[in-house]
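Here the structure is laid out as structure tokens; the discussion comes afterwards.
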Amino acid sequence: MQRLGENVGASEHFGSEGVAQLACVYTTLVGGYEALNEQPVAANSRLAFICLTDDPDLRSETWQIRRVEPLFRLDPIRSQRALKLLPHEHLPDYECSTITPSS
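And the structure:
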């Protein structure tokens with residue numbers, strides 16, 4: 044998986060109908076210590092906005108919620124970092140991605 048902007052021309056991912064499914068924007072929330080920031084831009088985007096989280100109650104108007112098991116049950120910070128470093132393991136249906144910055 045490549046990050047958007049890394050040797051990937053925009054036309055390759057946004058030029059034709061349906062090709063945008065190859066790319067996504069994702070964020071991670073593990074351990075329940077921060078809130079999910081809604082992304083109004085997602086409504087007008089052809090990209091998928093995906094949140095990887097261990098919170099079974101998390102709901103969103105703008106993010107697709109995908110449940111994940113933390114890699115380190117007692118260490119949410121390292122678990123969250125592992126998700127950020129290994130998006131290809133949790134988002135195999137996308138060829139490239141970009142992560143939202145942490146707050």
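If you count the sequence shown from 1, you need to add 43 to reach this note's numbering. Ideal Cβ placement from N, Cα and C applies to all residues, glycine included.
Excluding the 5 residues preceding and the 5 following residue i in the sequence, name in chain order all residues of the same chain whose CB lies nearer than 6 Å to its CB.
| i | result |
| --- | --- |
| residue 101 | 108 |
Out of the options, which one is the CA nearest neighbour of residue i?
| i | options | result |
| --- | --- | --- |
| residue 128 | 95, 110, 106 | 95 |
| residue 143 | 76, 114, 65, 91 | 91 |
| residue 80 | 89, 132, 93 | 93 |
Which word fits residue i, buried or exposed, when buried means at least 16 other C-beta atoms lie within 10 angstroms of its C-beta?
| i | result |
| --- | --- |
| residue 137 | buried |
| residue 117 | exposed |
| residue 66 | buried |
Residues in its own chain within less than 8 Å of residue i by CB, not counting five upstream and five downstream?
| i | result |
| --- | --- |
| residue 29 | With the chain covering 44 to 146 only, the question about residue 29 has no answer from this structure. |
Tell me the rounded alpha-carbon separation between residue i and residue j.
| i | j | result |
| --- | --- | --- |
| residue 104 | residue 74 | 21 Å |
Report the partner residues of residue i according to the DSSP bridge assignment.
| i | result |
| --- | --- |
| residue 68 | 92, 141 |
| residue 120 | Residue 120 pairs with nothing; no bridge assigned. |
| residue 107 | 93 |
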